[in-house]
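Have a look at the structure below, then the notes.
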Amino acid sequence: MLRAAGVGVGDEVVVPAFGNVEVAEAVAMAGALPVFADIDPVTYCLDTSAAEAAVSPRTAALVVVHRFGRPADIARLHELGQRHGLLVLEQGESEVPYVEVAQRRERASYLDAKLRGVLTPDGGDGHTYQQYVVRVPGNGRPDRDAFARALRARGVECRVPVKTPVHRLPEFRRCVSLPETERAADETLALPVDASLTKRDMQRIVSACNALGGLLQPAF
1430 MLRAAGVGVG DEVVVPAFGN VEVAEAVAMA GALPVFADID PVTYCLDTSA
1480 AEAAVSPRTA ALVVVHRFGR PADIARLHEL GQRHGLLVLE QGESEVPYVE
1530 VAQRRERASY LDAKLRGVLT PDGGDGHTYQ QYVVRVPGNG RPDRDAFARA
1580 LRARGVECRV PVKTPVHRLP EFRRCVSLPE TERAADETLA LPVDASLTKR
1630 DMQRIVSACN ALGGLLQPAF
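Take 1430 as the starting number for the sequence shown in the numbering used here and just add one per residue.
In structure tokens form, the structure reads like this:
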């Protein structure tokens, strides 16, 4: 799509650094330079103000990535594109059947009501909960990783959604300040909300998280 739009050598493309290395790779394959902008801490998608701050005379496009089932603020990002004459591309996520979305939302609602000691996701704007991503308080990555290990030891499957932001990978390393991206990479953890989970499974998740969450306090 970038090549078809004439984006190539000498152009810049604004992209998020929170995961999605394939987006930066696609920009590089088109011959353009990926420029990383920070994310919104609630949606984990490209932040409009940060994206606008990253725009330069060489910017030809920006790529919007929807994350975890929560869509980006695409209306504002399209307005940004129109103001600066930029191509705006969207990368979506795989479609989940409506019935499964309803089941995921039901499980997410249960976790929202029961979990203590972690920051639960904001469910606004039609969240489909492709992943149920919480933030673990404390001292960032060390506490989050310890929390994840303890959950797995209790039989709860969980995963770190983004281990290393793209701007920290060797092939795309940039000296750029992306505080929300880095904070999210250090604090986020995806808990299961699959449609196959039983009520007992959900209770086990809550019990394991709540037993640990009270031990962690936000760093000051």
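Each residue gets a CB set at the ideal place from its N, CA and C atoms; glycine is no exception.
Please determine, among the options, the residue with the shortest C-alpha to C-alpha distance to residue i.
i, options, result
"residue 1607", "1582, 1453 and 1445", "1445"
"residue 1538", "1632, 1509 and 1640", "1632"
"residue 1547", "1641, 1452 and 1447", "1641"
"residue 1618", "1482, 1638 and 1469", "1638"
"residue 1529", "1485, 1465, 1559 and 1470", "1559"
"residue 1437", "1629, 1462 and 1583", "1462"
"residue 1471", "1526, 1605, 1486 and 1552", "1552"
"residue 1525", "1458, 1481 and 1622", "1622"
"residue 1583", "1481, 1475, 1594 and 1636", "1636"
"residue 1556", "1545, 1609, 1501 and 1543", "1501"
"residue 1595", "1587, 1613, 1578 and 1588", "1613"
"residue 1507", "1597, 1475, 1531 and 1468", "1475"
"residue 1572", "1634, 1616, 1521 and 1453", "1616"
"residue 1521", "1605, 1451 and 1597", "1451"
"residue 1634", "1448, 1570 and 1576", "1576"
"residue 1473", "1598, 1590, 1605 and 1597", "1590"
"residue 1443", "1598, 1480, 1460 and 1554", "1480"
Over what stretch of residues does the alpha helix (DSSP H) that includes residue i continue unbroken?
i, result
"residue 1524", "That residue, residue 1524, is in no alpha helix (DSSP H); it is neither H nor E in DSSP."
"residue 1498", "Note, residue 1498: premise wrong, no alpha helix (DSSP H); not H, not E."
"residue 1424", "A query on residue 1424 cannot be resolved here, the shown segment of the chain reaching from 1430 to 1649 and no further."
"residue 1430", "Unbroken run through residue 1430: none, as it is neither H nor E."
"residue 1452", "1450-1458"
How big is the Cα-Cα spacing for residue i and residue j?
i, j, result
"residue 1511", "residue 1441", "16 Å"
"residue 1490", "residue 1516", "4 Å"
"residue 1455", "residue 1497", "21 Å"
"residue 1625", "residue 1466", "36 Å"
"residue 1600", "residue 1585", "34 Å"
"residue 1503", "residue 1493", "8 Å"
"residue 1431", "residue 1629", "47 Å"
"residue 1649", "residue 1563", "With a pLDDT of 45 at residue 1649, under the threshold of 50, the predicted position of this residue should be treated as unreliable, and no value is reported."
"residue 1603", "residue 1580", "34 Å"
"residue 1478", "residue 1499", "19 Å"
"residue 1536", "residue 1620", "11 Å"
"residue 1458", "residue 1627", "44 Å"
"residue 1514", "residue 1486", "11 Å"
"residue 1610", "residue 1488", "21 Å"
"residue 1541", "residue 1566", "16 Å"
"residue 1593", "residue 1544", "26 Å"
"residue 1587", "residue 1549", "14 Å"
"residue 1469", "residue 1505", "13 Å"
"residue 1568", "residue 1597", "20 Å"
What does DSSP give as the partner residues of residue i in its beta bridges?
i, result
"residue 1468", "1475"
"residue 1443", "1464 and 1491"
"residue 1436", "Residue 1436 is not bridged to any residue."
"residue 1641", "None, per the DSSP bridge assignment."
"residue 1396", "Because the chain in this structure spans residues 1430 to 1649, residue 1396 falls outside the shown range and cannot be described."
Return yes when the C-beta of residue i is under 6 Å from any heavy atom of the ligand SAM, and no when it is not.
i, result
"residue 1616", "Annotation note on the ligand SAM: not contained in the displayed structure, which lists no ligands."
*asked:* Please give the ranges of any beta strand (DSSP E) in the segment 1540-1623, keeping only runs that are unbroken, at least 3 residues long and fully inside the region.
replied: 1561-1564 and 1617-1620
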